């Protein structure tokens, strides 16, 4: 969702714009590994022997699940104007980003049969399960002023005040000027 709204009824060149974006991502993975035929020639008997189950072959299952939700919100108030040889373009903005993620995987060995590709059908010995969840947040305040006189003299000033949950609470925000 996005918008831009010109506001000449307040001041010519004044506008507001913004957008909201929601991105939902989900993935699942399921890997079934089963023994395969592996033949070795026996010179004494003159026959091929299948080593399929002699080399520790067993049916194993690995499953994984990931779910991620990203949200971005952006709002801007700007002003663009030209007066004789002077031109001015400026804005102030706010942006917020949120990310929530959950992940887990599990595996089991020695499944009863490849026709039952489910975790419950494997042995409890050597089973494995892992998981994690994360939350990240960013909040940014920023603005810019661009001044031009007669296409000869330019001034461009940008300021940002950015915050992120990646950093400790006492160092979460930083101020970043540029000219």
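Numbering (the working numbering), first residue to last: 1 to 179. Quick reminder that beta carbons are idealized off the backbone N, C-alpha and C, glycines included. Remember, predicted model here, so these are calculated numbers, not experimental data.
With fewer than 16 other Cβ atoms inside 10 Å of its own Cβ, residue 174 counts as exposed.
For residue 164, the enclosing beta strand (DSSP E) covers residues 153–164. The three-state secondary structure of residue 170, taken from DSSP, is helix. A Cβ-Cβ distance of about 17 angstroms is found for the pair residue 140 and residue 90, leaving them out of contact under the 8 angstroms criterion.
With fewer than three CB-CB distances shorter than 8 angstroms, the region 113–123 does not count as touching the region 39–47. DSSP places residue 138 in the uninterrupted beta strand (DSSP E) bounded by 123–149.
Residue 119 sits in a helix when the DSSP states are folded into three classes. With fewer than 16 other Cβ atoms from the protein chains shown falling within 10 Å of its own Cβ, residue 29 counts as exposed.
Around the Cβ of residue 131, a 10 Å sphere holds fewer than 16 other Cβ atoms; the residue is exposed.
For residue 127, same chain residues with a beta-carbon under 6 angstroms away, outside a window of 5 residues either side, are 108 in chain order. Pairing residue 158 with residue 88, the inter-Cα distance amounts to about 14 angstroms.
Cβ contact annotation for residue 105 (same chain, cutoff 6 angstroms, sequence separation greater than five): 64, 130, in chain order. With a threshold of 16 other beta carbon atoms within 10 Å, residue 155 falls short and is exposed. Residue 49 and residue 40 have their C-alpha atoms spaced approximately 5 angstroms apart.
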